[in-house]
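Just so you know, we're using our numbering here: the sequence shown kicks off at 31 and counts up by one. All remarks here apply to the structure that follows.
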Amino acid sequence: MDFQNLLSTEIIDGKTLSDFLTLDFLASVVGSVLAAIAILVVGFFLAGWAKRRITRMADNHARLDPTLMSFLASVVRYAILAFTFLFVLNTFGVQTTSIVAVIGAAGLAVGLALQGTLSNIAAGVMIIFFRPIKTGDFVEIGGHMGTVQDISLNFTELANMGNVQIIIPNSEVWGNTITNYSIYPTRRAQFTFGVSYDADLKRAEEVIRETIMSDSRSHSDPEPFLQVNNLGDYSVDFLMRVWCDANVYFQYQADMKRKVKDALDAAGIDIPFPTRTILSDKTEAD
């Protein structure tokens, strides 16, 4: 009698324990489990396939930024997985509308608690989509100069000229002035060379021009600029501006300064430097 009462006990929605022990119910449960497993397998397969497909688009098309495509691939993967889990819950008869509402409320609470982190993520999305910088660029951000190694949703990683890692939160990257030295293929180098007031200025100009323009890294178009720019306290200063490829800029500048110095010395043209004459008064004792 007690067992009969147990079987007739209402469990949920008017259904008794005996209703849950029928073959039809067990078959429906097994069917739901198998359907959920199939949905999970298909969902994970589609998520992985979509991510790989989008990532490979950057390899096949040079105009597509790898960082942007990697970000989009991750977004698509997580979106597919989210829908997959919702379908699984629907398979078991779970009302997903209430779950979505709970997740939304929880997301709002977490967002208020993590405002700083979310501002970094929002800035990271802006950086990835608008691409003011990309991996491999040599940049200066907030007083930090280096090569961009990675751009994540939270921070941007630089390697400075001493190969030291610099981590900058994305909110500071997006909110600061960004100087990108790699965005254009060419740069204009500027040199100042001082010669003595006694020097032959025409000859000095010829030596400077021939030395710099004989280097294969110097561009003749646009036309270089060279003229006397300043009459200093100790020297007549020539200013030269010439274009070169951006990827050789720093080494090019160093090489040209040395070459012009050697060429001026070889031509007998003095490069003056500040001198000081000290005069001392001597008084003779009577």
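We treat Cβ as the ideally placed atom computed from N, Cα and C, and that holds for glycine.
Boundaries (first-last residue) of the alpha helix (DSSP H) holding Gly205: 200-205
Nearest to Ile196 by CA position, among Phe117, Val63, Thr186, Gly224, is which residue? Thr186
Whose C-alpha, out of Asn260, Trp79, Gln220, is nearest the C-alpha of Tyr282? Gln220
In the DSSP assignment, find the unbroken alpha helix (DSSP H) run with Phe221 in it and report its ends. Element bounds for Phe221: not the alpha helix (DSSP H) but the beta strand (DSSP E), 216-225.
Between the Cα of Gly73 and the Cα atoms of Asn277, Phe115, Gly192, which residue gives the shortest distance? Phe115
Looking only at C-alpha atoms, which of Phe75, Asn184, Asp89 sits nearest to Ile110? Phe75
Can you tell me which of Lys291, Pro304, Val169, Ile69 puts its alpha carbon nearest to the alpha carbon of Ser265? Pro304
Going by DSSP, which residues form a beta bridge with Phe168? Thr177
When burial is assigned at 16 or more other CB atoms within 10 Å of the CB, is Val169 buried or exposed? buried
Please report how far the alpha carbon of Tyr227 lies from the alpha carbon of Ala234, in whole angstroms. Roughly 11 angstroms between the two C-alpha positions.
Assign Met87 to one of three DSSP states: helix, strand, or coil. helix
Under 8 angstroms Cβ to Cβ from Met31, same chain only, skipping five residues before and after it: list those, please. Annotation note: pLDDT 45 at Met31 (below 50); position unreliable, no value reported.
Please report the straight-line C-alpha distance between Asn317 and Met87, rounded to a whole angstrom. Since the first and last residues shown for the chain are 31 and 316, residue 317 lies out of range.
Determine the direct distance from the alpha carbon of Phe223 to that of Val290, and round the result to whole angstroms. 8 angstroms
Shorter than 6 angstroms, the distance from the beta carbon of Phe75 to the closest heavy atom of the ligand NAP, or not? Within the structure as shown, the ligand NAP is missing, as the structure has no ligands at all.
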